[in-house]
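*Asks:* For the record, in the sequence shown the residue sitting at position 90 is 90 according to the UniProt record's numbering, with numbers rising by one throughout. Using N, Cα and C, we set each Cβ at its ideal position, and we do this for glycine too. Computed from a predicted structure; not experimentally measured. Here's a structure for you.
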Amino acid sequence: MRSETKILRRAYKLLAPPPDLKISEWAEENMVLSREYAGEPGKYHVDRAPYQREMMDSVCDPKIQKTVFMTSSQIGKNTIINNVIGYYIDVDPGPMIIVEPTLNFAKDYSKRRLAPMIRDVKVLSQKVSDEKSRDSDNTILMKTFPGGFLTLIGANAPRELAGRPIRIILADEIDGYCDSAGKEGDPLMLIEKRAITFWNKKFIYVSTPLIKGASRIEEEYEKGTQEEWRVECPHCGGFFYILFKDIRFKYNKYKRKNRTVYEVLEVKWRCPACMEEYPEHTMKRQPAKWEANNPEAEGIRSFKVNAFSSPWYKWKDIIKEFLESKDDPEKLKVFTNTVLGESWEDIGDIEDEDFLVNRREEYEADLPDGVLLLTCGVDTQIDRFEYEIVGWGRFEESWGIEKGHIWGSPDEESTQERLIDKITQVWRFADGKGLTAAITFVDSGGPFPKKIYKFCKKNESKRVFAIKGRGNAGVPFTDLPKRTKAEKALLFILGVDEGKASIMYSLKIQEVGPRYCHFPKDEKRGYNREYFRGLLSEKMVPRKKDGRIKLAWEKVRTDVGNEPLDCRNYALAAQRFLNVDFDALEKRLKALPPRVQNTAGKQQNKPQKRSGCVKKGMEF
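Laid out in structure tokens, this is it:
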């Protein structure tokens, strides 16, 4: 009788509705921040980052089915996730899942975040057994507890996504998910299907946004209440979301060992309404609250907060990061995503080729001052090789040296020999010093891939390598090569989308210096109007596929080929792969004796066979 009563009590306890306890209240009472991941370990206090209170409490609101967090880094995102997990393990148990971009991310989260929390929070350690114990049902990717379980998976694992029913779904960094889980389709759609049978299902979507127009977290945010953490202006009393455009700052810039160093002197926020300015310490003491731009949204609350409101991010550090990244689009993109919590949007299209044609310049020699390295990109067509020799200087400043064609079938030895002559040509500065192409990337995706592999294998000693371009987001621009099976040639797979985006950004820079693209006026070098039309023949276009907006590079000009863009892309990839020390190259070049007798005028565009004194792209 006693055993039956005990069983009934357990059953009633499992079936009973959860107590009227909010997640923030549970966290204040129970949560301990572990030393492994917390900058301020110890007992959790929600008032340290007050914006977290409503973000967490919205998850357990019975009227809300989906909660969306579009945030920067350093706002306590992982603490919020852990608090949600802890609450549902202890208070309202059920089947729960955490989905990370990849399985390795899931394992890392379990080891560095989840395991220390379970160990240090008493009510959780009593319910979730140690995975190392002999009789434990728990592993790195599976935690069981009375009334439920927690599993961790990667969004790239289709079998795991289509598994058992789940009531509580936490999808972390969803902008980093692959477009399709194998052949199964969109990972988020697969995850959502798991919860169909539960009336009290919960979806928690979390991410920093990535690309404007293709950001999944931004799309989910706009479906919801679109709430912003707004701070009160001390002067006019209005509440405002702190935007980067309203920040005013002063700084000093120094040169130290050929590196620019920034010292931030002062940072203030300017109220967009009354124009009064206030420093960080004033604004972080001001009242703040969540305000919705779309309060009529039903069932979805969405939140946005950036690093300016974080208690762990100093404003001077934010501005220093901006100054150090402002001239590099890749770094600036990371800053925009992770610090401002905003999706990256390109700075606009170049309307036509006149923008580039009109800024061509006179070169005083084959190689202008500033060039320290030459690379060559080669596109393979059925009746020709198209190539471009590109000069590179510090901070990826570039100079177009020569764009041309080598007519003849690329599978014929005579055509290949003429390409080698061009690759090994010596290009000279005004003082007679010379450079050759340090590395050449040759497209193998044309009509003669096996012939190209054999050609490149034969000329590897001249640093001539085969490449194959691959589109789609997430493919790294350059990676370590692999050998082809039959020819044993080194083959580089290039993420050409990333390269094209980098080129387009650089073309738009108008101030000579980092990333600026120089082109010669002398049209004999190949930089005529048709070249620039080909260089601008593609752009990134949003397309809807399987219910999602995806960005893809598409040809927008049908009257011209895109070979100039491909050649520049391959030359850029070659330079990025080398990852050379430009300081060392400059010292080496300066140490060479001048050879004025070989003037640029006499040598210009005349191929010269490489002698044994040319090494690593530089003549001795």
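Can you tell me which of the three DSSP states Lys403 falls into?
*Replies:* strand
*Asks:* Tell me which residue opens and which closes the beta strand (DSSP E) that Glu388 is part of.
*Replies:* Going by DSSP, Glu388 is part of the beta strand (DSSP E) stretching over 384-392.
*Asks:* When the Cβ atoms of the segment 141-152 are set against those of the segment 90-106, are three or more pairs found closer than 8 Å?
*Replies:* yes
*Asks:* Considering only DSSP beta bridges, list what Trp553 is partnered with.
*Replies:* Met540
*Asks:* So which of Tyr531, Val378, Phe303 has the shortest CA-CA distance to Asp354?
*Replies:* When only C-alpha atoms are compared, the closest one is Tyr531.
*Asks:* Could you tell me which residues DSSP pairs with Phe203 in its beta bridges?
*Replies:* Partner(s): Lys66, Ile169.
*Asks:* Going by other Cβ atoms of all chains shown within 10 Å of its Cβ, with 16 needed for buried, is His45 buried or exposed?
*Replies:* exposed
*Asks:* Excluding the five sequence neighbours on either side, which residues of its own chain have a C-beta within less than 6 Å of the C-beta of Arg525, listed in chain order?
*Replies:* Glu402
*Asks:* Between the C-alpha atoms of Ile452 and Ser34, what's the straight-line distance to the nearest angstrom?
*Replies:* 56 Å
*Asks:* What whole-angstrom Cβ distance do Ser73 and Arg53 have, given they're in contact under 8 Å?
*Replies:* Actually they are not in contact, since the Cβ atoms of Ser73 and Arg53 sit about 20 Å apart, beyond 8 Å.
*Asks:* So, are the CB atoms of Tyr205 and Ile168 less than 7 Å apart?
*Replies:* no
*Asks:* Could you spell out where the beta strand (DSSP E) holding Phe149 opens and where it closes?
*Replies:* 148-154
*Asks:* Is it the case that the segment 474-490 contacts the segment 291-300, given that we only count it when at least three CB pairs across the two stretches are under 8 Å?
*Replies:* no
*Asks:* Could you tell me which residues DSSP puts in a beta bridge with Asn252?
*Replies:* Glu263
*Asks:* CA-CA distance, Asn358 and Tyr527?
*Replies:* Note on geometry: alpha-carbon atoms of Asn358 and Tyr527 lie some 12 Å from one another.
*Asks:* If you follow the beta strand (DSSP E) that Leu21 is in, where does it begin and where does it stop?
*Replies:* No beta strand (DSSP E) contains Leu21, which DSSP labels as neither H nor E.
*Asks:* Under the assumption that Tyr177 contacts Ala157 (Cβ atoms under 8 Å), give the Cβ distance between them as a whole number of angstroms.
*Replies:* At roughly 11 Å, the Cβ-Cβ gap does not stay under 8 Å, so Tyr177 and Ala157 are not in contact.
*Asks:* From this set, Leu578, Ile89, Glu460, which residue's C-alpha is nearest Leu373's C-alpha?
*Replies:* Leu578
*Asks:* By the 10 Å Cβ neighbour count, where 16 or more other Cβ atoms means buried, how is Met31 classified, buried or exposed?
*Replies:* buried
*Asks:* With Arg418 as the anchor, note down where its alpha helix (DSSP H) starts and where it stops.
*Replies:* That run of the alpha helix (DSSP H) goes 413-423.
*Asks:* Using 8 Å as the Cβ pair cut-off and three pairs as the minimum, do the segment 75-88 and the segment 320-329 touch?
*Replies:* no
*Asks:* What's the gap between the Cα of Arg384 and the Cα of Pro410?
*Replies:* 6 Å
*Asks:* Pick from Thr144, Ala171, Leu419, Ile191: whose alpha carbon is nearest that of Arg164?
*Replies:* Ile191
*Asks:* What residue range is occupied by the uninterrupted alpha helix (DSSP H) comprising Pro329?
*Replies:* 329-338
*Asks:* Locate the alpha helix (DSSP H) running through Trp315, then write down its first and last residues.
*Replies:* 315-325
*Asks:* What did DSSP end up calling His235 once you bin it into helix, strand or coil?
*Replies:* coil
*Asks:* If we count the other Cβ atoms within 10 Å of its Cβ and call it buried at 16 or more, is Asp20 buried or exposed?
*Replies:* exposed
*Asks:* When we look at the beta-carbon of Ala466 and count the other beta-carbons within 10 Å, is it buried (16 or more) or exposed?
*Replies:* buried
*Asks:* Measuring only the C-alpha atoms, how far is Val121 from Pro41?
*Replies:* Looking at the two C-alpha atoms, the distance is approximately 12 Å.
*Asks:* Once the 5 residues before and after Lys107 are set aside, which same chain residues still bring their CB inside 8 Å of it?
*Replies:* Ile140, Leu141, Leu152
*Asks:* At what residues does the alpha helix (DSSP H) containing Ala574 begin and finish?
*Replies:* Element bounds for Ala574: 563-578.
*Asks:* Mapping the DSSP letters down to three states, classify Ala438 as helix, strand or coil.
*Replies:* Here Ala438 sits in coil by DSSP.
*Asks:* Using a 10 Å radius around the Cβ and a threshold of 16 neighbouring Cβ atoms, would you call Phe492 buried or exposed?
*Replies:* buried
*Asks:* Once you ignore the five residues that flank Ile350 on each side, which residues in its own chain have a CB closer than 8 Å to its CB?
*Replies:* Contacts found: Leu356, Met504, Leu507, Lys508, Leu536.
*Asks:* DSSP on Lys43, reduced to helix/strand/coil?
*Replies:* Of the three classes helix, strand and coil, the one that applies to Lys43 here is strand, per DSSP.
*Asks:* Since Ser302 is in the beta strand (DSSP E), which residue starts that stretch and which ends it?
*Replies:* 300-305
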